[in-house]
Structures are given as structure tokens and as C-alpha cells.
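Residue numbers (the numbering used here): 52 to 295.
Think of the CB as a built atom: it goes at the ideal place given N, C-alpha and C, for glycine as much as any other residue.
The structure presented is a predicted model; accordingly, all values stated were derived computationally and were not measured.
Below you'll find the structure, written out as C-alpha cells, and then a few comments.
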């Protein structure tokens with residue numbers, strides 16, 4: 052294994068697969084595409100895709116255009132794997148396609164054989180991976196992602212935990228049951244309301260009105276309701292005066 056091999060940078064195994072599928076959806080199986088085009092098809096940010104292109108390139112997943120720097124295309128093996136993963140992520144045939152791609156590296160295949168023969172546990176493999184790969188600056192997230200990748204491809208069951216493929220982020224509609232901040236109701240000093248003299252000269256009728264104010268009622272709407280009630284009362288008083 053040459054020193055140019057790179058491990059993932061702060062990216063999970065499922066996100067790696069998400070990027071490969073995004074490359075496929077962006078048309079990178081046939082032509083070179085920019086990272087921004089891939090980001091539009093992926094739930095992974097443009098920054099994370101860019102900083103992991105070195106990993107993908109070093110392992111033969113993508114190749115960079117010689118004419119247009121910064122544009123990439125999937126290799127044939129990677130495109131076949133991405134297509135299969137999109138349809139059947141846990142299928143044996145899908146794993147086999149990834150295994151064929153990784154098996155091109157002789158040192159990795161020998162390391163996988165040692166893992167199986169010695170039944171190495173996860174912690175032991177994580178400690179050795181940076182030295183075996185030749186990337187001593189790898190972060191723990193990237194190490195775990197690469198271990199999941201080889202455990203998935205080579206079907207090392209005691210090291211691999213199935214994961215669901217990630218889906219593009221979607222806007223979530225807030226349900227109607229979501230708590231809404233209660234409106235702040237300021238107490239206003241009561242002011243006398245001028246009613247027609249004829250209405251005041253009559254024996255008063257006590258009227259009790261209960262108002263239930265929901266969060267949807269705006270101050271303007273409440274004002275209109277009160278104006279309507281006062282108008283109705285005024286019309287009632289005038290009609291009663293005419294009747295008398």
C-alpha cells in the first residue's frame with residue numbers, strides 16, 4: 052500500500068455511500084462533474100465532500116479531470132457499486148462490488164485476512180489501521196467509517212453494524228400541535244365609554260360577555276370584535292327608544 056492512501060475525514064460510512072450515490076445522480080458515471088453539483092444531490096455539505104475527495108480518489112472511487120481541475124468522475128467499479136447500493140444497500144451482490152474495488156490493494160486484503168484469522172476486535176483494528184494505511188493523521192470518525200467500510204465489503208460480521216442509507220435533508224413542516232408562545236397581553240386602564248343619553252336613561256340591563264382569546268386572535272381582530280359589539284348595543288338602544 053503506497054503512502055498516498057488517505058482515510059476519510061470526519062465522515063461516517065453511510066455518508067461515504069451517500070456521496071458516491073450523489074456523484075452517480077449528478078451524472079458522474081459518464082462525465083466529470085463539479086463538487087457543487089454533487090452537493091445538490093447529497094445530504095453531505097459541500098465542504099465535507101471536498102475534503103473527502105482525496106480519500107475517494109486515493110482508493111479508486113473517483114478520478115479527477117486533467118483538463119478541468121476540481122471536476123471528478125466515478126470509476127467504473129465505483130459507479131457499479133453506487134448503483135447497486137442505491138437499490139439494495141445490504142445485498143451480498145452490493146458488498147461484492149465494493150470488495151472487488153478494495154481488493155485491488157494487496158496490503159489491505161492481507162490485513163483483512165489477518166483480522167479474520169485472529170478475530171481481531173474493533174479497538175485493535177482501529178489502533179492498527181492508521182499505520183497499515185499510512186495515514187497517521189486520521190481522526191477517529193474517519194477511522195470508524197473506514198473500518199465499517201471494509202467490514203461491510205468483506206463481510207466481517209462481528210465488526211460491522213448495519214446502517215440505513217442517508218436520505219437528502221428535507222424541510223420539516225412544523226405540526227399544528229407545536230407549542231406557540233403565548234401572546235403577552237398588557238392590561239389597559241378602563242376608560243368610560245360614551246353611550247347615547249337615551250340609552251343611559253333607561254334601566255340598565257346587566258350583560259356579561261365572555262371572550263375566549265386564542266393565540267390566532269391578533270390585537271387588531273380583538274379591536275374589531277369590540278367595535279362590532281358596541282355598534283350592536285347602540286343599534287339595540289336606538290330601536291328600543293323608538294319603540295317606546
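Three or more Cβ pairs closer than 8 Å define a contact, and the region 194–213 meets that threshold against the region 157–170. Residue 185 is not a Cβ neighbour of residue 66, given a cutoff of 7 Å. Residue 145 and residue 129 have their C-alpha atoms roughly 11 Å apart. Here residue 114 carries a strand assignment [DSSP, helix/strand/coil]. Put simply, the backbone Cα of residue 99 is about 33 Å away from that of residue 170. Under DSSP, residue 124 shares a beta bridge with 114. Close CB contacts of residue 74 within its chain, under the 6 Å cut and outside five residues either way in sequence, are with 89, 125 (chain order).
Restricting attention to beta strand (DSSP E) runs no shorter than 3 residues, the region 75–117 encloses them at 113–115, ordered along the chain. Annotation for residue 149: 132, 204 place their beta carbon closer than 6 Å to its own, counting only its chain and skipping 5 residues before and after. Within 10 angstroms of the beta-carbon of residue 200 lie 16 or more other beta-carbons, which makes it buried. Following the DSSP letters along the chain, one finds residue 173 inside the alpha helix (DSSP H) bounded by residues 173–184. Rounded to whole angstroms, the gap between the alpha carbons of residue 118 and residue 107 is 19 Å.
Shown here, residue 130 sits in a helix according to DSSP, grouped into three states. Taking 8 Å as the upper bound for CB-CB distance, residue 177 and residue 198 are in contact here, some 6 Å apart. Burial of residue 59 is indicated by the presence of at least 16 other C-beta atoms within 10 angstroms of its C-beta. Under the three-state reduction of DSSP output, residue 201 falls in the helix class. Restricting attention to 102, 280, 91, the CA atom closest to the CA of residue 62 is found in 102.
With respect to the C-alpha of residue 172, the residue from 159, 195, 156, 141 having the closest C-alpha is 195.
Spanning the alpha carbons of residue 183 and residue 167 requires a straight line of approximately 16 Å.
With contacts defined by Cβ atoms closer than 7 Å, residue 69 and residue 86 do not form a contacting pair. Here DSSP, grouped into helix, strand and coil, assigns residue 277 to helix. Residue state for residue 191 is assigned as helix, using DSSP reduced to three classes.
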